[in-house]
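Before any comments, here is the structure.
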Amino acid sequence: MMLFCGNVFADPVLNKILSTHSITLAWVDNTRPIAWQLNNKPSGMVIDICLDVVQSIEKRYNTKLDVKWIKIPAAARFEVISHNQADVLCAVAANSGQRHKIVKFSIPWFYTKMNILTKKSEQVLNEELLSGHTVGVISGGTAALELAKMNENYNYSISVKLVRDFNDGFDLLADGHISAFITDDVIIRGKLAEMPNKEDYQINASGFGNTLEYGLAVDKNADEMEEIINTNIKTMFATKRFDELYNKWFMSPLTSPDDIVQLPMSQQLINDKLRYQLR
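What follows is the structure, given as structure tokens:
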């Protein structure tokens, strides 16, 4: 165990956490089973991962931390970290585009792709069929960048509707204001699992775009926090902890017997687990 006795670290985020005996965790709601509000508190896979990180900091530095959660809109999640309004981003956070220039990402703890959610009546199942339709995407998200490239490179005429929150996109689709909502496949599957009229909707069987790597995000200068988080994730992979959390959130009922995401672990995650277990 490492004792914290007023040491000064090069990492300003870790310094603040240990000197104030508190840690501020940012999270994004409505992203089941990654993170959402359940029983009036943040819940989900990434929430549990972040709480494990908090425990590892407490153990390493022989201290007790007050955990402060701040709920943020999806469109502002990376700015909250880069502007030092939170210490760790515990949310859907893909290490893609230019994001690594403003925040530092941990090693991946999940892999997914983008997908297209539409009503079956729309008959929009792939990228080519999006042309001429209004499509909702999260402002500043990976899908927004992808649609901009498609319009420019392939001369598509996709009308892009930017939204700040995942639920806004789902609601606009349900109300007929957009023809499709594009976001991460896992978020769509989490939403469909709880929808009573899920049979009215469809998704692309294989998703589209490049594979997205989810990581926890910290400030660009938070080198020691990055090391702590990475060590914790590797330990989870090497033990049964990751399997325990994955089965809890992806393979078991969430709020009712029928509310199951039922998303088996990807081959990328299985490979990561094996790699760290063999070390």
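Heads up: take any position in the sequence shown, counting from 1, add 747, and you land on my numbering. Each residue gets a CB set at the ideal place from its N, CA and C atoms; glycine is no exception. Keep in mind the model is a prediction, meaning the values are calculated, not measured.
Sequence-distant residues of the same chain with beta carbon closer than 6 Å to residue i, five excluded per side
i, result
"residue 892", "844"
"residue 854", "977 and 980"
"residue 859", "931, 932, 933 and 959"
Candidates the options: closest to residue i by CA position
i, options, result
"residue 923", "939, 948 and 963", "948"
"residue 1003", "785, 876, 762 and 771", "785"
"residue 866", "778, 1026 and 951", "951"
"residue 856", "963, 889, 881 and 973", "963"
"residue 959", "790, 842, 795 and 919", "842"
"residue 838", "928, 994, 782 and 919", "782"
"residue 954", "933, 830 and 990", "933"
"residue 777", "988, 1006 and 917", "917"
"residue 889", "901, 762, 937 and 961", "961"
"residue 850", "975, 968, 931 and 868", "968"
"residue 862", "929, 810 and 896", "929"
"residue 873", "903, 858 and 848", "903"
Same chain, Cβ closer than 7 Å to residue i, five either side skipped, listed in chain order
i, result
"residue 822", "885, 886, 887 and 911"
"residue 1012", "993"
"residue 925", "881, 882, 883, 908 and 919"
"residue 878", "903, 904 and 905"
"residue 824", "773, 775, 836, 838 and 840"
Run of the beta strand (DSSP E) containing residue i, from where it starts to where it stops
i, result
"residue 769", "769–774"
"residue 910", "906–910"
"residue 964", "964–966"
"residue 817", "813–818"
"residue 850", "850–852"
First through last residue of the alpha helix (DSSP H) which encompasses residue i
i, result
"residue 990", "988–997"
"residue 695", "The structure shown does not extend to residue 695, since the chain is modelled only from 748 through 1026, so no value can be given for it."
"residue 937", "932–941"
"residue 877", "Run containing residue 877: none; DSSP gives neither H nor E here."
"residue 806", "792–808"
"residue 920", "913–921"
"residue 785", "Note, residue 785: premise wrong, no alpha helix (DSSP H); beta strand (DSSP E) at 783–785."
"residue 745", "With the chain covering only 748 through 1026, there is no way to say anything about residue 745."
Close beta carbons around residue i, own chain, < 8 Å, minus the five adjacent residues each side
i, result
"residue 1018", "none"
"residue 815", "769, 770, 771 and 772"
"residue 870", "876"
"residue 833", "771, 772, 773, 817, 819 and 827"
"residue 999", "1007"
"residue 805", "811 and 812"
"residue 975", "761, 800, 803, 804 and 807"
Any non-hydrogen atom of the ligand HEM closer than 7 Å to residue i Cβ
i, result
"residue 892", "Questions concerning the ligand HEM fall outside what the structure shown contains, since it holds no ligand whatsoever."
Identity of the residues DSSP links to residue i by a beta bridge
i, result
"residue 955", "861"
"residue 948", "866"
"residue 984", "Note: residue 984 sits in no beta bridge, so no partner."
"residue 825", "Answer is none; residue 825 lacks a bridge partner."
"residue 778", "782"
"residue 929", "863"
"residue 885", "910"
Residue i and residue j closer than 8 Å at C-beta
i, j, result
"residue 1024", "residue 985", "yes"
"residue 992", "residue 792", "yes"
"residue 864", "residue 921", "no"
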